Amino acid sequence: MSSMQPVLTKHPAFVEAERRWGEMKSDRVHFEADWEGIARMMRPQRGGFSLDDPTSRQMEKPLSSAPIFAQSNFAAGLYGTLTNPANVWFGLKTNDSDLNAWQPARLWLDQVRDRLLASFMPAVSPFYSAASEVFGDLSAFGNGAQYDEVVPEERKILDVTVSLGEICYDIDGFGRVSEVVRRFHLKPAAALHMFGKRGNLPPKMAELAEKGDQTKFVFYHHVFRNADWRQGMLGVRGKRWVSRYSCELEGALVREAGYDEMPFFAPRWEVESGQIYGTGPGFIALASTRAHHQMDAATIRAAQRAADPTILAPDRGDWPLNGRIRPGNVVYGAVDTQGRAMLRPLEITGSVNLTLQEKQAKMEEIKDAFHYTLMNLAGRTGMTATEVMAITEERQRLWAPHQGRVQEEYLAPKIQRRFSLLWRAGQLPPPPPEMAGVDLQVDYQSAAAVAQKSAQGVAAVRILEDIAPLMQVKPEMLDRIDPDGLLEVLMDARGAPARMFRSREEAAAIADQRAQQQNAMMAMQAAQVGAGAIKDMAGAQAALQPPTEGGNAQ
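The UniProt record's numbering puts the first residue of the sequence shown at 1, with every later residue one more than the last.
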């Protein structure tokens, strides 16, 4: 009799994640071919998009580093412009301009902004290093992927940039990410560390970890909309997004949970209508990069032939050369008795007529694809502040369509989710009662926006300088200027925090109190003056009265 082995049934969650991975992966095959070329020429730290394990790929070594420099310089420019940690790169505001100018609202918005910015700092989150990788992928492939996860035991928020080789996603009718499948590999020890306390790993995984097994197992992280979402309910049904981790070992469901917001972010640089994945500057530069690579290869091969040419010999058996001629050695028999050379190099009549200007032209095309002229201000001397501002404005003009998409698909949902995480954790102060139910907006503080506000402040000061001589002749011109409005313009121009200034109401109350004190002092002084005058008058009247009878009798 043959023994019957039990058939392990894979969990439906694993089967569904595996199926959706295959479907979404097949939809982007034509993109992956271009991504491989871009990675090979411009971003060698990425690649392996069509491999089972992208980390097992071989690192490509291009012949020129110039395209890599152009791509990395562009990515650094995006990072410095959009998420520079040295600057206050975003703020918060409402739809009501009057409410934004209200001092309690300004103070609360500034406090919330400061706490949000603090949550992105390295002590709490690796956001800035992860954002740098996102911008690198975005500049090269036109697509990036990142997710965040709260780690309660470490009191941190983990931001992770994911290679395009291990993630697939789908979009809804509005172009927003609606489903994500991440396929990654873990060794047993790493899986036990990740899911040991908050998961249900197969017992065999723990056994392999104890033995020190180094086999990599496939894991799927499947996130999708919760069709059974019920607001206010506990557990997974109370979450808008379902999160399922599953493992190929026994096809097990490792963990099922949920998110209130989509934790994955997939910014794209430029997208055609109806397309899921986009293209970026790297796609535009790919043709010129390939041509530049072939030019370098041809030049190097020609130089190798000239430095170490092929040697022609009559017969291998007659000459003890063994196919090698080394510098400084004596080759016996290389000439006959009459002095004629029996060996000669192979002469190739054709030559590589590639000039330095032709290769430089291709390099300029690559730099133009990455906006190198606008990006690189280093080394330029003698530039005025006006010229720098003009270049910055031109950069913003060219980036405006793409920058808006990056902010919409990456930064805005990232900040919104971070706000929600901190709010639910009780890390944000309560707003003033007057702001109940008011929607908040993200106000991005780009270099161009800051320069524009600064220019408004300079214009306000120059107007005062222009009308100062006129006010000597016509003082009523000063009545046209609102002092509070002027102060607020200068505050915005300098980026001053709201806590430095009092509200208009507080300033008016202080002015009224000061006026009352001045009036009281004036009244007191007037009373003192009046009392002195009365006393003086009384003394004068006493001096004018005649003496009484008998007052001077002798």
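For each residue, glycine too, the CB sits at the ideal point set by N, CA and C.
Owing to the predicted nature of the structure, the values given are computational and were not obtained by experimental measurement.
Contact the segment 41-59 vs the segment 199-209: 3+ CB pairs below 8 Å: no
Inspect the beta-carbon positions of ILE41 and ARG244 and report whether they are closer than 8 Å. One detail in the question is off: residue 41 reads as Met in this sequence, not Ile. Not a contact, by the Cβ cut-off of 8 Å.
If I follow the unbroken beta strand (DSSP E) through ASP53, where does it start and stop? That residue, ASP53, is in no beta strand (DSSP E); it is neither H nor E in DSSP.
Nearest to ALA257 (by Cα), restricted to the options ALA266, HIS402, ARG240: ARG240
Just verifying my parser: in three-state terms, what is the DSSP assignment at ALA105? helix
Terminal residues of the continuous alpha helix (DSSP H) containing GLN416? 412-424
Looking only at its chain, what residues have a beta carbon closer than 8 Å to the beta carbon of VAL236, apart from the 5 residues adjacent to it on each side? ASN226, VAL242, GLU256, ALA257, GLY258
Which residue comes first and which comes last in the beta strand (DSSP E) that contains GLY258? 252-259
Given 8 Å as the limit, is there contact between the segment 114-126 and the segment 140-157, that is, 3 or more CB pairs closer than that? Judged by Cβ distances under 8 Å, the segment 114-126 makes contact with the segment 140-157, as three or more pairs qualify.
Reduced DSSP category for THR9 - H, G, I as helix; E, B as strand; rest coil: coil
Taking C-alpha atoms, which residue in ILE311, ASP315, GLN304, GLN338 lies nearest to PHE325? Sequence check: residue 325 is Ile here, not Phe. Of the listed residues, the one whose Cα sits closest to ILE325 is ILE311.
When DSSP labels each residue in this structure, what does PHE264 get in the three-state scheme? In the structure shown, the three-state DSSP call for PHE264 is strand.
Is the Cβ-Cβ distance between HIS185 and VAL218 less than 8 Å? yes
Length of the line joining the Cα atoms of GLN403 and SER139: 12 Å
Among LEU92, HIS11, ARG20, ILE68, nearest to GLN445 - alpha-carbon criterion: Across the set LEU92, HIS11, ARG20, ILE68, the C-alpha of LEU92 shows the shortest separation from the C-alpha of GLN445.
Three-pair Cβ contact test at 8 Å for the segment 266-279 versus the segment 404-412: yes
Who are the Cβ neighbours of TYR79 in its own chain at under 6 Å, not counting the five residues just before and after it? Taking C-beta separations shorter than 6 Å and ignoring five residues to either side along the sequence, the partners of TYR79 in its chain run SER132, PHE135, following chain order.
Using C-beta distances below 8 Å, list every residue in its chain close to PHE69, excluding the 5 sequence neighbours before and after it, in chain order. none
Return the chain-ordered list of same chain residues with a C-beta closer than 6 Å to the C-beta of GLN111, the five sequence neighbours on each side being excluded. PRO429
Reference VAL160, options LEU51, PHE120, PHE141, ALA303, closest by Cα: PHE120
Spatial neighbours of PRO12 within its chain, please: C-beta separation below 6 Å, excluding the five flanking residues on both sides. none
Candidates MET471, GLN146, LEU201, ALA101: closest to ALA252 by CA position: For ALA252, the closest alpha carbon among the candidates MET471, GLN146, LEU201, ALA101 is that of LEU201.
Quick check on TRP423: buried or exposed, where buried means 16 or more other Cβ atoms within 10 Å of its Cβ? With fewer than 16 Cβ atoms within 10 Å of its Cβ, TRP423 is classed as exposed.
On the criterion of 16 or more Cβ atoms from any shown chain inside 10 Å, does HIS30 qualify as buried, or is it exposed? exposed
Confirm, please, whether the CB-CB distance from LEU116 to ARG418 is below 8 Å. yes
Please report the distance separating the alpha-carbon of ALA425 from that of ARG514. 44 Å
Reduced DSSP category for MET1 - H, G, I as helix; E, B as strand; rest coil: Since pLDDT at MET1 reaches only 37, below the 50 mark, its modelled position is unreliable, and no value is offered.
For ARG40, the first and last residue of its enclosing alpha helix (DSSP H): 29-41
Contact between the segment 172-189 and the segment 298-314: three or more CB pairs below 8 Å? no
Contact set for GLN554: own chain, Cβ-Cβ below 7 Å, skip 5 residues either direction: The predicted position of GLN554 is uncertain, since its pLDDT is 41 and thus under 50; no value can be drawn from it.
How far does the beta strand (DSSP E) with ARG244 in it extend, from its first residue to its last? 241-247
Which residues DSSP lists as bridging THR161, in chain order: GLN146
Consult DSSP for ILE300 and reduce its assignment to one of helix, strand or coil. helix
If you draw a straight line from the C-alpha of PRO6 to the C-alpha of TYR169, how long is it? The predicted position of PRO6 is uncertain, since its pLDDT is 47 and thus under 50; a value taken from the coordinates is nonetheless stated next. Distance between the alpha carbons of PRO6 and TYR169: 35 Å.
Taking C-alpha atoms, which residue in ASP96, LEU107, LYS61, GLN71 lies nearest to PRO431? LEU107
Would you list, in sequence order, the uninterrupted beta strand (DSSP E) runs of no fewer than 3 residues that lie entirely inside the segment 179-236? 217-225
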